[in-house]
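Note sheet for the following structure.
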Amino acid sequence: MVALMTVIGIVLFVLGLLFSIAWHELGHLSTAKMFGIKCTEYMVGFGRTLWSVRKGETEYGLKAVPLGGFVRMVGMLPPARRTGEDGPRRLSRWRAMAEDAREASYVEVGPEDADRQFYQRSPWKRLIVMFAGPGMNVVLAAILLGVLFMGIGVPQSTTTIGLVTECVAPAGESVTECTDEPPTPAAEAGLRAGDVIVEVDGEPIPDWNAANQAIRGSFGGTEIVVERDGERLPFDVDVIENELPARDAEGGILYETDADGDFVYDEQGYRVYQTETVGFLGIVFATERSSLTLGESAAEMGTMLVGVGEALIALPGRVPEVFGAAFLGEQRTQDSPVGIVGISRIGGEIMSQGLPLVDTAALMIQILAGVNLFLFAFNMLPILPLDGGHMAGALWEAVKRGWARLTRRPDPGPVDVAMLTPVAYVVVACFLVFSVVLLVADLFNPVRLFG
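In our numbering, the protein residues as written are 10 to 460.
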């Protein structure tokens with residue numbers, strides 16, 4: 010059964026990724042057609058075509074390598090400028106690569122398509138066409154997170170006791186059977202699962218963080234008032250000191266960092282948390298799912314997008330770590346970058362845990378939404394062949410033409426993005442190499458969410 014659920018999780022995640030890619034490309038296709046640009050192909054994946062069908066002037070299909078997709082629009086690159094020189098001339102290697110790419114972009118341009126080319130559209134139309142792809146990923150992420158935050162809800166700790174541990178365990182260890190260990194203050198005082206903490210030392214407790222902070226700040230005899238079966242019952246509890254994970258003012262766990270500010274990881278690849286000596290009661294607070302408001306959901310999505318941006322900026326610095334995990338047997342950290350195989354495997358791992366359906370769905374939705382936010386941020390990078398590279402070219406063209414109008418100079422014409430073709434080749438090569446490294450790491454040293 011575990012193997013079957015793992016396979017189901019992998020398949021579901023692959024389908025989710027393929028849909029995200031297709032949704033992205035649909036943004037390009039729909040806006041390009043809206044502006045009269047001829048589109049000859051709409052493909053999900055790269056490499057050999059597995060299946061395709063032609064409708065009108067566009068071929069729709071699936072390709073063998075699901076590392077992205079593309080919409081082929083005619084005339085992506087503007088024609089070469091005339092230099093006034095007659096006769097053939099020797100081209101530099103850089104310019105030769107640009108001219109080869111330019112020639113390839115005109116293979117499918119017929120006489121009837123003379124005014125249906127991408128470069129002929131005004132800069133603002135090209136900006137819309139190129140932004141529509143990443144924008145669709147944001148829309149999909151917003152839908153998914155809306156379902157998660159406002160529909161399913163997010164788990165939040167409550168003031169209800171979910172579990173009373175029987176005995177005091179040494180820091181960092183868990184005890185399943187009590188032998189020589191002393192009982193926890195909660196067990197000794199008679200607190201039970203289901204009790205709701207309403208007061209600690211005479212102070213009312215409005216929420217979980219207040220309860221947690223009050224208990225951690227107590228030592229020795231402490232009166233704790235709980236609500237049980239509709240009655241308020243006071244308990245005199247002898248709160249003891251214990252070494253526990255350190256928390257900030259909002260209740261979040263604080264993690265160890267090195268001199269460079271990077272997180273420290275243990276042998277299993279998990280972050281090492283800071284510890285502090287605080288009051289210890291011996292309970293685990295219960296959690297329940299609660300829906301967020303529209304504003305809270307938007308704020309959470311913004312926080313996720315900022316996190317994705319920070320991860321993208323830090324990605325080049327993580328390459329040695331992934332290489333070491335792939336080829337040198339080094340430990341893979343839990344927040345290590347993952348590729349298509351890795352993220353799909355995580356989907357299988359989630360499905361195989363036997364979690365409640367709502368928790369499984371929430372995890373799958375959250376990760377798929379994060380993938381779409383990453384697709385947005387990655388494609389917005391201002392380098393070719395990414396969408397952001399074409400957007401940067403359109404913006405620069407708008408600036409040049411605007412300046413020419415202000416200074417009453419001749420129209421400078423379209424920006425020749427073909428001259429950046431060699432840069433695009435380098436970007437593609439780096440992306441392919443990193444994808445191979447990720448593939449090896451995901452296959453032989455995968456990230457495991459559940460240890």
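From the three backbone atoms N, C-alpha and C, an ideal C-beta is built for every residue, glycine too. Since the model is a prediction, treat every value here as computed from it, not as a measurement.
If you run the structure through DSSP and keep just helix, strand and coil, what is residue i?
{"i": "R256", "result": "strand"}
{"i": "G96", "result": "The predicted position of G96 is uncertain, since its pLDDT is 47 and thus under 50; no value can be drawn from it."}
{"i": "T312", "result": "helix"}
{"i": "S306", "result": "helix"}
{"i": "M43", "result": "helix"}
{"i": "V209", "result": "strand"}
{"i": "F228", "result": "coil"}
{"i": "V328", "result": "helix"}
{"i": "M14", "result": "helix"}
{"i": "T342", "result": "coil"}
{"i": "D368", "result": "helix"}
{"i": "V20", "result": "helix"}
{"i": "G199", "result": "coil"}
{"i": "F385", "result": "helix"}
{"i": "F459", "result": "coil"}
{"i": "V53", "result": "strand"}
Which stretch, first to last residue, makes up the beta strand (DSSP E) that contains residue i?
{"i": "F294", "result": "I292 to S299"}
{"i": "Q165", "result": "V163 to V173"}
{"i": "A463", "result": "Look at the range of the chain in this structure, 10 to 460, and you will see that residue 463 is not part of it."}
{"i": "E285", "result": "T284 to F289"}
Residue i lies in the alpha helix (DSSP H); which residues open and close that run?
{"i": "E108", "result": "R102 to S114"}
{"i": "V437", "result": "T430 to F453"}
{"i": "V426", "result": "Run containing V426: none; DSSP gives neither H nor E here."}
{"i": "R410", "result": "D396 to L415"}
{"i": "P143", "result": "P132 to G155"}
{"i": "I214", "result": "Element bounds for I214: n/a, residue is neither H nor E."}
{"i": "S353", "result": "I349 to M360"}
Checking 8 Å against the spacing of the C-beta atoms, do residue i and residue j come in under that value?
{"i": "M52", "j": "F79", "result": "yes"}
{"i": "S361", "j": "G84", "result": "no"}
{"i": "H33", "j": "M139", "result": "no"}
{"i": "F443", "j": "V328", "result": "yes"}
{"i": "L263", "j": "A255", "result": "yes"}
{"i": "F228", "j": "V205", "result": "no"}
{"i": "I170", "j": "F294", "result": "yes"}
{"i": "V209", "j": "A195", "result": "no"}
{"i": "A105", "j": "A427", "result": "no"}
{"i": "N381", "j": "L149", "result": "yes"}
{"i": "W217", "j": "S166", "result": "yes"}
{"i": "I349", "j": "P75", "result": "yes"}
{"i": "T296", "j": "P164", "result": "yes"}
{"i": "A151", "j": "T40", "result": "no"}
{"i": "P391", "j": "V436", "result": "no"}
Please name the residue in the options whose C-alpha comes closest to that of residue i.
{"i": "Q283", "options": "Q277, G422, D257 and G291", "result": "D257"}
{"i": "F383", "options": "P365, V424, V315 and A407", "result": "V315"}
{"i": "G65", "options": "G422, K47, G77 and C439", "result": "K47"}
{"i": "E252", "options": "L321, V287 and D189", "result": "V287"}
{"i": "T15", "options": "G357, D344 and E197", "result": "G357"}
{"i": "F127", "options": "A438, T168 and M43", "result": "M43"}
{"i": "D269", "options": "L321, G326, E285 and E50", "result": "G326"}
{"i": "I137", "options": "C439, K409, V449 and L404", "result": "L404"}
{"i": "D344", "options": "R457, E175 and L157", "result": "R457"}
{"i": "G398", "options": "L452, D368, A433 and H37", "result": "A433"}
{"i": "E319", "options": "G379, G203 and P421", "result": "G379"}
{"i": "F336", "options": "C176, F453 and L38", "result": "F453"}
Let me check one thing: in DSSP terms, what residues is residue i bridge-paired to?
{"i": "E236", "result": "V205 and R241"}
{"i": "W60", "result": "L71"}
{"i": "E250", "result": "G288"}
{"i": "R280", "result": "Y274"}
{"i": "F392", "result": "The question names Phe, but residue 392 is Ile in the sequence shown. BP columns for I392 are empty, so no partner."}
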